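Here is the structure we will look at, set down as structure tokens.
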Amino acid sequence: QGYYLPRITFFLGRWIRHTTWYPDWQLRLFEKSRGRWEGGRIHESVTLQGSTGRFSGKLQHYTYSSIDEYLEQLQTFTGLAAADYYDAGKRSSPWRMIFLPLTSFFDNYLLRRGFLDGTAGLVVSCLSATSVFFKYLKLWERQNSLSGRESRPDL
41 QGYYLPRITF FLGRWIRHTT WYPDWQLRLF EKSRGRWEGG RIHESVTLQG
91 STGRFSGKLQ HYTYSSIDEY LEQLQTFTGL AAADYYDAGK RSSPWRMIFL
141 PLTSFFDNYL LRRGFLDGTA GLVVSCLSAT SVFFKYLKLW ERQNSLSGRE
191 SRPDL
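To convert, take the position in the sequence shown, counting from 1, and add 40; that gives my numbering.
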């Protein structure tokens, strides 16, 4: 009832062939009556009732034209992700703000062989870790300010 396609991303003048950016399997061909979009505020995906297959042809994704564009979207997406995390009951801590970005970098650069993409792979791995850091930083800010424990001094 549906097919996944591997999405490959063009960034920093080259195709990113490693990290969590590739293959980024996307369900894009499906029977409309069997699928529905679900998810939070960002990165919605299709939930499909039925069997799926995989195509080998790549879906080309031209995402960010510059580092500035990535950082602008990072500002928006990390806030939305933090709101989704908060609504789902996830919580942040200083430990998570340190440990999770480091594991993201390790996963992208070493385990998923981002180093094979050269400098672009290093940048993608660093940006992915930065994104994780800001999601949990904004979640920490949200959970502390919404609970009435703001640290604003009385005058």
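Ideal Cβ positions, reconstructed from N, Cα and C, are used throughout, including at glycine.
Remember, it's a predicted structure, so these values are computed and weren't measured experimentally.
Proximity winner among the options, relative to residue i (alpha-carbon distances)
{"i": "L52", "options": "S168, K175, A160", "result": "A160"}
{"i": "Q115", "options": "V172, S105, F139", "result": "V172"}
{"i": "K72", "options": "L88, H58, E78, P63", "result": "L88"}
{"i": "F35", "options": "K178, T103, G129", "result": "For residue 35 there is no data in the structure shown, the boundaries of the chain being 41 and 195."}
{"i": "P141", "options": "L99, H58, L177", "result": "L177"}
{"i": "G93", "options": "R74, L67, S105", "result": "L67"}
{"i": "A128", "options": "R57, T59, L179", "result": "L179"}
{"i": "P134", "options": "K175, D124, F145", "result": "K175"}
Residue i versus residue j: straight-line alpha-carbon distance, rounded
{"i": "A169", "j": "R136", "result": "12 Å"}
{"i": "R54", "j": "S132", "result": "35 Å"}
{"i": "G90", "j": "Y43", "result": "11 Å"}
{"i": "T143", "j": "V163", "result": "15 Å"}
{"i": "H83", "j": "R76", "result": "14 Å"}
{"i": "L156", "j": "W65", "result": "20 Å"}
{"i": "R81", "j": "A121", "result": "7 Å"}
{"i": "G79", "j": "I107", "result": "27 Å"}
{"i": "I48", "j": "G97", "result": "10 Å"}
{"i": "E218", "j": "F117", "result": "In the structure as shown, the chain starts at 41 and stops at 195, and residue 218 therefore has no counterpart that could be examined."}
{"i": "L45", "j": "Y62", "result": "11 Å"}
{"i": "P185", "j": "Y149", "result": "It should be noted that the sequence gives Ser, not Pro, for residue 185. Cα to Cα, the separation comes out at about 34 Å."}
{"i": "D147", "j": "L167", "result": "13 Å"}
{"i": "E112", "j": "S105", "result": "11 Å"}
{"i": "F139", "j": "K130", "result": "16 Å"}
{"i": "L99", "j": "R57", "result": "13 Å"}
For residue i, the three-state DSSP class (helix, strand or coil)
{"i": "I56", "result": "strand"}
{"i": "S96", "result": "coil"}
{"i": "P63", "result": "coil"}
{"i": "T87", "result": "strand"}
{"i": "T49", "result": "strand"}
{"i": "Y44", "result": "strand"}
{"i": "Y176", "result": "helix"}
{"i": "Y126", "result": "helix"}
{"i": "Y110", "result": "helix"}
Residue interval of the alpha helix (DSSP H) (run including residue i)
{"i": "D147", "result": "Segment: none, D147 is in no alpha helix (DSSP H) and carries neither H nor E."}
{"i": "F155", "result": "Element bounds for F155: n/a, residue is neither H nor E."}
{"i": "E71", "result": "No alpha helix (DSSP H) holds E71; DSSP gives it neither H nor E."}
Beta carbon proximity, residue i to chain C, threshold 8 Å
{"i": "L99", "result": "Of the chains in the structure shown, none is chain C; there is only one protein chain."}
Span of the beta strand (DSSP E) around residue i
{"i": "E78", "result": "75-78"}
Assumed close pair residue i, residue j - CB separation to whole angstroms, cut-off 8 Å
{"i": "Y126", "j": "Q183", "result": "6 Å"}
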